[in-house]
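Asks: Protein chains in written order, with this note's numbering: chain A, 65 to 552; chain B, 3 to 164.
This is the structure I have questions about; it appears just below.
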Amino acid sequence: MAQKITIEPVTRVEGHGKVTIHLDDNHQVTESRLHIVEFRGFERFVCGRPFWEAPVLVQRLCGICPVSHHLAAAKAMDMLIGAGDGNGLTPVAEKMRRLMHYGQIFQSHVLHFFHLASPDLLFGMDADPERRNVIGVILEHPELAKQAVLMRKYGQEIIAATAGKKIHGTGAIPGGINKNLSLEERDAFLNGINGNPDLSADKMIEWSESALALLLDYHSSHTDFLDGFAAFPSNHLSLVRPDGALDLYHGVIRAVDAQGKRIVNDVDSRDYLDVVEEEVRSWSYMKFPYIKELGKENGWYRVGPLARLNVCDFIPTPKAQQELERFRAYTKGKPNNMSMHYHWARLIETLHAAEMMKELLLDPDLQKTDLVTKGERCGEGIGLLEAPRGTLFHHYQVNEQDLITMCNLIVSTTNNNEPMNRAVNAAAVAQMTGKAEITEPMMNAVEVAIRAYDPCLSCATHAMGQMPLEVTLYDAAGAVVDQQRKGM
Amino acid sequence: MKAVPSVLVYGFGNPGREDDGAGVALAERIRAAALPGVSTDSNYQLNVEDALLLTEYDIIIFADATRNPVDRFSFYRLQPDTSVSFTTHAMSPGSVLALCSQLYGKTPPVYMLEIAGVSFELREGMTAEGKKNTLAAGHFLKGLLERADMAGFEAMAGLPLE
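Shown next, in the form of structure tokens:
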């Protein structure tokens with residue numbers, strides 16, 4: 065009897081999603097799909113609003129990565145008011161935004177590693193779920209947990225100092241920023257917030273290196289798992305600085321194939337529509353982007369930390385560059401196509417973000433007072449940046465009354481839609497083929513594959529309560545023959 | 003315990019999603035009241051670093067919207083939650099308290115003020131019902147804070163409120 069296994073929703077992933085795995089009569093996996101209810105209404109929500117509100121409005125899209133949307137919208141508004149396409153701002157404006165962005169990258173990556181990935185990595189997928197969670201990590205690795213809390217706090221304080229506040233930050237405005245960084249703020253971030261040396265720029269670098277060492281140690285003893293689990297070849301896409309450096313704030317669009325051949329060659333981000341197209345599939349609310357020139361079948365790509373390290377030529381901070389060289393050497397200079405190596409790439413970027421924050425804090429431009437650039441207004445704005453989870457596209461059109469008439473957003477998780485589906489299928493084939501019943505490690509294998517991509521959906525409505533895991537087994541006729549829940 | 007306890011009112015939720023912003027709106031009302039010894043904070047969601055914040059106050063009150071109201075609002079003493087509820091990038095209030103306890107050896111008195119919401123769509127402003135409920139919850143909390151002492155908090159926690 066053919067079966068369909070439904071895992072709904074996926075735990076430790078934002079938003080509402082479910083996984084369906086179709087088995088044939090011999091319990092062979094025939095197809096796997098990740099269904100995500102993406103919220104597309106946001107684009108309509110923005111239309112009709114004055115364009116200068118966009119950098120604040122878009123933060124409501126997501127409670128996890130509001131800074132990414134804030135900055136992408138602000139970059140689009142820069143173009144709209146004639147303040148350049150990311151290069152036209154004053155030094156203090158661009159560097160304050162960069163500090164905000166690297167603070168966001170830092171705290172987001174730390175959260176993912178500590179909160180979502182480390183329970184799986186430290187205890188293994190087969191471990192008792194009662195132990196395989198963040199409390200389990202705390203009990204067995206209390207120092208790691210305390211470091212993670214302080215690293216998160218440091219990143220959040222950087223965001224608060226640059227964005228102005230935690231909710232609906234106003235730091236980035238069309239054409240620049242609304243405040244610089246005071247010397248007192250700078251000194252606190254360099255030497256220790258509230259006089260606490262554990263909340264200093266150097267400590268963030270040191271602890272980032274420790275987290276990376278922990279992962280590499282785990283890799284040495286679990287090589288087969290990290291290298292083989294949900295691995296598959298793909299294209300990789302990200303922004304890079306025009307000289308090929310990793311740049312998470314601004315750059316040109318570049319993509320390479322699974323062998324490293326350049327397939328998108330440093331295209332101006334304002335021309336993104338020449339590069340990327342989105343496909344609609346009947347069974348999913350989330351679109352499937354692909355590189356136009358390669359078509360739907362071959363043009364899908366990965367974004368995020370793994371893609372970025374595959375695409376860039378170098379990292380412009382010394383410690384992270386050293387780690388990139390180790391990362392590259394492991395695949396003999398070829399692109400890394402191992403899903404679980406997202407964790408490795410993410411921690412290299414964490415180190416890079418820590419180095420960048422210190423570099424920016426030491427830059428006297430942050431105390432300058434020329435905050436805003438103005439130019440000749442046009443009717444269109446496009447802003448791209450590398451958010452923690454991957455490339456984020458914001459595109460707006462505005463009428464003569466300054467009201468937004470068109471908004472197109474391609475969020476990082478949408479860019480990774482096809483790769484996440486393939487990762488789910490790879491995990492399902494490996495874990496469920498030939499098996500007659502659903503087990504906790506099987507379910508978690510699927511989740512681990514998805515979590516590697518750190519998806520984040522429209523997640524800010526939460527209220528009280530938990531997100532349970534529900535597994536439903538259907539027979540060929542669509543009748544429920546088994547159902548299991550956890551986390552209720 | 004100091005004679006005048008330090009109190010944190012921490013509202014969380016997304017004000018861009020109608021009644022989901024009830025906790026943040028309530029924290030803003032309390033901030034505007036400028037009560038002595040009372041600090042306020044707000045964020046979209048709770049997270050691991052909030053465990054450290056809990057160590058800095060004598061009494062903490064989390065304010066949040068709820069989809070499953072038993073009344074206009076409810077007020078109760080929060081217990082550490084060490085069960086597997088770390089399901090998303092955000093943390094539950096009980097999980098934050100558990101984290102505080104496990105990491106820093108402190109379990110401060112934390113209270114939960116849940117405000118009934120009726121709609122959580124992506125839209126500016128709260129519903130009329132959500133506003134009414136937030137107003138009632140704010141009135142209740144302000145009164146409690148004005149005569150703040152531990153006995154008062156304990157007496158009100160878990161009792162019928164209307």
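Ideal Cβ placement from N, Cα and C applies to all residues, glycine included.
Quick one: grab the DSSP three-state call for residue 65 (chain B).
Replies: What you label residue 65 (chain B) is simply residue 63 of the second sequence in a count that begins at 1. DSSP places residue 65 (chain B) in strand when its eight states are reduced to three.
Asks: Is the stretch 246 to 259 of chain A in contact with the stretch 304 to 312 of chain A, if contact means three or more CB pairs nearer than 8 Å?
Replies: Touching, no, given that fewer than three Cβ pairs across the two stretches are closer than 8 Å.
Asks: Contact criterion: CB-CB distance below 8 Å. Does residue 135 (chain B) meet it with respect to chain A?
Replies: What you label residue 135 (chain B) is simply residue 133 of the second sequence in a count that begins at 1. Not one chain A Cβ lies under 8 Å of residue 135 (chain B).
Asks: Using CA coordinates, which residue listed in B:69, B:118 and B:15 is at the minimum distance from residue 136 (chain B)?
Replies: In the second sequence, counting from the first residue as 1, residue 136 (chain B) sits at position 134. When each option's Cα is compared against that of residue 136 (chain B), the closest is B:118.
Asks: Any C-beta of chain B sitting closer than 8 Å to the C-beta of residue 390 (chain A)?
Replies: Within the first sequence, the letter at position 326 stands for residue 390 (chain A). It does not; no Cβ of chain B falls within 8 Å.
Asks: For residue 304 (chain A), write down the residues that DSSP places opposite it in a beta bridge.
Replies: Indexing the first sequence from 1 puts residue 304 (chain A) at position 240. Answer is A:316.
Asks: May I ask which residues mark the beginning and end of the beta strand (DSSP E) holding residue 21 (chain B)?
Replies: Working through the second sequence from its first residue, we reach residue 21 (chain B) at position 19. It is not in any beta strand (DSSP E) - residue 21 (chain B) carries neither H nor E in the DSSP assignment.
Asks: Is residue 177 (chain A) helix, strand or coil when you go by DSSP?
Replies: Within the first sequence, residue 177 (chain A) is the residue found at index 113, counting from 1. Three-state result, residue 177 (chain A): helix.
Asks: Could you tell me the distance, in whole angstroms, from the CA atom of residue 206 (chain A) to the CA atom of residue 105 (chain B)?
Replies: Taking the first residue of the first sequence as position 1, residue 206 (chain A) is located at position 142. Taking the first residue of the second sequence as position 1, residue 105 (chain B) is located at position 103. Distance between the alpha carbons of residue 206 (chain A) and residue 105 (chain B): 7 Å.
Asks: Assuming residue 42 (chain B) and residue 116 (chain B) make a contact with CB atoms under 8 Å, what is their CB distance in whole Å?
Replies: In the second sequence, counting from the first residue as 1, residue 42 (chain B) sits at position 40. In the second sequence, counting from the first residue as 1, residue 116 (chain B) sits at position 114. Not confirmed; about 17 Å, so no contact.
Asks: Taking 7 Å as the cut-off, is the CB of residue 327 (chain A) close to at least one heavy atom of the ligand GDP?
Replies: With respect to the ligand GDP, the structure offers nothing, as it holds no ligand at all.
Asks: Quick check on this structure: which residue in A:118, A:517 and A:298 has the alpha carbon closest to the alpha carbon of residue 571 (chain A)?
Replies: Outside the shown range of chain A (65 to 552) lies residue 571 (chain A), about which nothing can therefore be said.
Asks: Look at residue 160 (chain A) and residue 430 (chain A) and say whether their C-beta atoms are less than 8 Å apart.
Replies: Here residue 160 (chain A) refers to the residue found at position 96 of the first sequence. Here residue 430 (chain A) refers to the residue found at position 366 of the first sequence. Result yes, Cβ atoms of residue 160 (chain A) and residue 430 (chain A) sit closer than 8 Å.
Asks: Taking the alpha carbon of residue 12 (chain B) as the reference point, which residue from B:84, B:25 and B:6 has its own alpha carbon closest?
Replies: The residue labelled residue 12 (chain B) in the question sits at position 10 within the second sequence. For residue 12 (chain B), the nearest C-alpha among the options comes from B:25.
Asks: Should residue 44 (chain B) be flagged as near chain A, meaning a C-beta pair shorter than 8 Å?
Replies: Residue 44 (chain B) sits at position 42 when you count from the first residue of the second sequence. So, interface residue.
Asks: Return the bridge partner residues of residue 353 (chain A) from the DSSP annotation.
Replies: Walking along the first sequence from the start, residue 353 (chain A) turns up at place 289. Note: residue 353 (chain A) sits in a beta bridge opposite A:342.
Asks: Taking only the alpha-carbon atoms, compute the straight-line gap between residue 165 (chain B) and residue 327 (chain A) and give it to the nearest angstrom.
Replies: Summary: the structure shown does not reach residue 165 (chain B), with chain B confined to residues 3 through 164, and so no result is reported for it.
Asks: So, at 7 Å on beta carbons, what are the nonlocal neighbours of residue 337 (chain A) in its own chain, with the 5 sequence-adjacent residues on each side left out?
Replies: In the first sequence, the residue the question calls residue 337 (chain A) occupies position 273. Cβ within range, chain order: n/a, list empty.
Asks: If you follow the beta strand (DSSP E) that residue 14 (chain B) is in, where does it begin and where does it stop?
Replies: The sequence position of residue 14 (chain B) within the second sequence is 12, counting from 1. Counting along the chain, the beta strand (DSSP E) containing residue 14 (chain B) begins and ends at 9 to 14.
Asks: For the stretch 205 to 224 of chain A, which residues have a beta carbon sitting closer than 8 Å to at least one beta carbon of chain B?
Replies: If the cut-off is 8 Å between Cβ atoms, the stretch 205 to 224 of chain A has 206, 209, 210, 212, 213, 214, 216, 217 and 220 near chain B.
Asks: Using Cβ-Cβ distances below 8 Å, what residues of the stretch 305 to 326 of chain A are close to chain B?
Replies: If the cut-off is 8 Å between Cβ atoms, the stretch 305 to 326 of chain A has nothing near chain B.
Asks: Do we get a CB-CB distance below 8 Å when we pair residue 179 (chain A) with the residues of chain B?
Replies: Counted from its first residue, the first sequence places residue 179 (chain A) at position 115. It does: the Cβ of residue 179 (chain A) has a partner Cβ on chain B nearer than 8 Å.
Asks: Where does residue 510 (chain A) sit, in a helix, a strand or coil, going by DSSP?
Replies: Counting from one through the first sequence, the residue named residue 510 (chain A) turns up at place 446. Helix, per DSSP.
Asks: Short of 8 Å in beta carbon distance, which residues of its chain neighbour residue 295 (chain A), apart from the five on each side in sequence? Order them along the chain.
Replies: As a first step, residue 295 (chain A) must be located in the first sequence, where it is residue number 231. 401, 402, 403, 404 and 490.
Asks: Quick check on the DSSP output: the alpha helix (DSSP H) that includes residue 219 (chain A) runs from which residue to which?
Replies: Here residue 219 (chain A) is taken as the residue at index 155 of the first sequence, counted from 1. Segment 206 to 227, the alpha helix (DSSP H) holding residue 219 (chain A).
Asks: Which chain A residues are close to residue 196 (chain B), counting only those with a beta carbon under 7 Å from its beta carbon?
Replies: In the structure as shown, chain B starts at 3 and stops at 164, and residue 196 (chain B) therefore has no counterpart that could be examined.
Asks: Compute the Euclidean distance between the alpha carbons of residue 127 (chain B) and residue 138 (chain B), then round it to the nearest angstrom.
Replies: As a working note, residue 127 (chain B) is residue 125 in the second sequence. As a working note, residue 138 (chain B) is residue 136 in the second sequence. Distance between the alpha carbons of residue 127 (chain B) and residue 138 (chain B): 17 Å.
Asks: Which residues bound the beta strand (DSSP E) around residue 392 (chain A)?
Replies: Counted from its first residue, the first sequence places residue 392 (chain A) at position 328. Taken as a continuous stretch (DSSP letters only), residue 392 (chain A) belongs to no beta strand (DSSP E), being part of the alpha helix (DSSP H) at 382 to 394.
Asks: Indicate whether residue 113 (chain A) and residue 415 (chain A) have their beta-carbon atoms separated by less than 8 Å.
Replies: To locate residue 113 (chain A), count along the first sequence from 1; it is residue 49. To locate residue 415 (chain A), count along the first sequence from 1; it is residue 351. Their beta carbons are not under 8 Å apart, which means residue 113 (chain A) does not touch residue 415 (chain A) by this criterion.
Asks: Could you work out which residue in B:107, B:30 and B:65 is closest to residue 75 (chain B) when comparing CA atoms only?
Replies: As a working note, residue 75 (chain B) is residue 73 in the second sequence. Here the closest residue by C-alpha is B:65.
Asks: Applying a beta-carbon distance threshold of less than 8 Å, which residues of chain B neighbour residue 203 (chain A)?
Replies: As a position in the first sequence, residue 203 (chain A) is number 139, starting the count at 1. What residue 203 (chain A) touches in chain B: 104.
Asks: Would you check if the distance between the CB atom of residue 241 (chain A) and the CB atom of residue 435 (chain A) is smaller than 8 Å?
Replies: By one-based count along the first sequence, residue 241 (chain A) stands at place 177. By one-based count along the first sequence, residue 435 (chain A) stands at place 371. Yes; because the gap between Cβ atoms is below 8 Å, this pair is in contact.
Asks: Using 10 angstroms around the beta-carbon of residue 37 (chain A), count the other beta-carbons present and answer buried if the total reaches 16, otherwise exposed.
Replies: Look at the range of chain A in this structure, 65 to 552, and you will see that residue 37 (chain A) is not part of it.
Asks: Pop quiz: residue 410 (chain A) and residue 173 (chain A) are said to be a contact at Cβ under 8 Å. What is the actual Cβ separation, rounded to whole angstroms?
Replies: As a first step, residue 410 (chain A) must be located in the first sequence, where it is residue number 346. As a first step, residue 173 (chain A) must be located in the first sequence, where it is residue number 109. Correct: roughly 5 Å between the Cβ atoms.
Asks: Buried or exposed: residue 347 (chain A), going by 16 or more other Cβ atoms within 10 Å of its Cβ?
Replies: Position 283 of the first sequence, counted from the first residue, corresponds to residue 347 (chain A). Exposed, because fewer than 16 other Cβ atoms sit within 10 Å of the Cβ of residue 347 (chain A).
Asks: Do you know offhand how far residue 555 (chain A)'s Cα is from residue 197 (chain A)'s?
Replies: As shown, chain A starts at 65 and ends at 552. That puts residue 555 (chain A) outside it, with no answer to give.
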